[in-house]
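Structure first, then comments.
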Amino acid sequence: MKLSLPLFPKLFLLTLTILLGACSTPAPEVSDSVDAGNSDSISQAALSQNLQLLISQVSQSQDIPLAFIESGFSDTKTIPSIRKLVLPPSGTFKKNWAVYRQRFVEPIRLKAGKVFWDQNEAYLSQIEQDSGVPAEVIVAIIGIETIYGRQTGNFRVKDVLSTLAFNYPDTPNKTVREQLFKDEVKSLILLCWTQAGGKLPANQSTLGVSPALFNNCVNQNSSYAGAIGLPQFMPSSIRAYAVDGDSDGQIDLRQSPRDAIASVANFLKKQGWHPGMPIYFAIPESAFAQASLLADGEPQLKYSVQTFINQGILTPEQGDLQAGGVSPQSKALIVDLPYIDKDGTDKVRYVVGLNNFLTIVQYNRSYFYAQSVAEFAEALGYKNQSVIAANLPALPSAKQSANSKKKKVPHKKATKASAN
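Residues -27 to -1, 1 to 393 (mature numbering (1 follows the signal peptide of the UniProt record, and there is no 0)) are what the sequence shown spells out, left to right.
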């Protein structure tokens, strides 16, 4: 899950979304010899000194034997190319929704998504029923992140996190960035300690703790931002949201599709996913001018759906649950998707983002990313509308609702659609 404002998926705004990885935009080819383009020197000695201090802090705070942690980090090295990969785009860069969508909502990923669904159909249906998160959305996220495990990164996670914790390139928020990655190094140590069989606090005991499992964990591959596995979770996110979906006693986001599926669903559920509700509403081009007045780029649900209906941005049906819409009192925002037309003209497409759109934004702080997930899911058969219309023949009036208990709306069963 990810990190960006302006809304471009990577490490330009590190907030809650640092919890999740950074592979949904492929990294450019950069050799390890490339310098980050600034005067900072990358000192292996300085890294070792700073890392030693951080390891000592974790050892003291959690009472983990210092020598045990040191054994797993003794060969940690800086990766110069990582520093270039996390830099924001140049000042001449223009966001282009058309190019972004073409990269991620495309035949190879969609066909791979259908195969992934076929292989995990029963479990996806179970997780959808348990969490309320549609199977299509889960499949879309994993497909966009890593093409179902094909692109999970090839950097050792301890090297990535240590490099960015102590040698982040010169940016306006360098200090903030480094602190966030220091926290991720700490999370990695604690994650690997517990996965190796350790308890917290450790009470200076290594009884039952496997050094081999600890070393395997800190040496596993990650993206260039330190994200791990099929769904690209950061270490702190694994600790907070990852789930043992296959019930084998271990959480393995690299090799276990069930763990990945359950973890994505758990994250979205905990971020406030509304079961049975749509993700976004399309806006007619005739309403783009009005929508542009309310588009501020801030990922906040500032307006009611009724406000957009009153201004002609949405139709009355989109504020009607029985018609597949949402409650007119539901909160929403205007999502701007800038692109460059075929003739080179700068243009913007607008949609209305709903609560579930913003929930996806928590996975990757990018409007482009969230809209791609929604449209990928639609290509897999997701019906972007309220399921109340499909499950209830009629809803009571507001007056009746006030005098009766609200019915629980069953969530729809996952069904596949051709990705061709």
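Where a beta carbon is used, it is the ideal one built from N, C-alpha and C, also for glycine.
Check, Outcome
"Boundaries of the beta strand (DSSP E) in which Y141 is found, first to last residue", "No beta strand (DSSP E) holds Y141; DSSP gives it neither H nor E."
"Touch test, the segment 230 to 244 against the segment 253 to 261, Cβ-Cβ under 8 Å, three pairs minimum", "no"
"As assigned by DSSP and simplified to three states, the class of P38", "coil"
"contact_flag[the segment 339 to 351, the segment 88 to 99] where n(CB pairs < 8 Å) is 3 or more", "no"
"Cβ neighbours of S229 in the same chain (closer than 6 Å, five flanking residues each side left out)", "D219"
"For P311: DSSP bridge partner residues", "V321"
"Best match in S34, L24, D103 for proximity to F46 [C-alpha to C-alpha]", "L24"
"Residue environment, Q358, which counts as buried when at least 16 other CB atoms sit within 10 Å", "buried"
"Strand pairing of residue 447, partner residues [DSSP]", "Residue 447 is absent from the model: the chain starts at -27 and stops at 393."
"Candidates C165, T119, G122, A347, of which the one nearest K131 by Cα", "C165"
"A305 Cβ short of 6 Å to the ligand FMN heavy atom set", "Here there are no bound small molecules, and the ligand FMN is not part of this structure."
"Enclosing alpha helix (DSSP H) for G86 [first to last residue]", "80 to 92"
"N192 to R129 span [Cα, whole Å]", "5 Å"
"Pairwise C-alpha distance: Q177 and I117", "42 Å"
"Backbone CA spacing between Q99 and I115 [nearest angstrom]", "17 Å"
"Limits of the alpha helix (DSSP H) - the one that P174 falls within", "Per DSSP, P174 belongs to no alpha helix (DSSP H) and is neither H nor E."
"Among G270, M207, R76, nearest to L310 - alpha-carbon criterion", "G270"
"Residues of its chain near T332, where Cβ-Cβ distance is below 7 Å and the 5 sequence neighbours each way are ignored", "L241, Q244, G245, W246"
"Through-space distance from L26 to T49, alpha-carbon basis", "14 Å"
"Residue from Q168, F206, P174 with nearest C-alpha to C190", "Q168"
"Range of the contiguous alpha helix (DSSP H) that encloses D48", "From DSSP, D48 is part of no alpha helix (DSSP H); its letter is neither H nor E."
"Exposed unless 16 or more other CB atoms sit within 10 angstroms - verdict on S29", "exposed"
"First through last residue of the alpha helix (DSSP H) which encompasses N283", "278 to 283"
"Presumed contact (8 Å Cβ cut-off) between D326 and V308, rounded CB distance", "What sits at residue 326 in the sequence shown is Gly, not Asp. Going by Cβ atoms, the distance from G326 to V308 rounds to 4 Å, so yes, they are a contact pair."
"Whole-angstrom C-beta distance between L180 and L161, which should lie under 8 Å", "Not really, about 22 Å apart at Cβ, beyond 8 Å."
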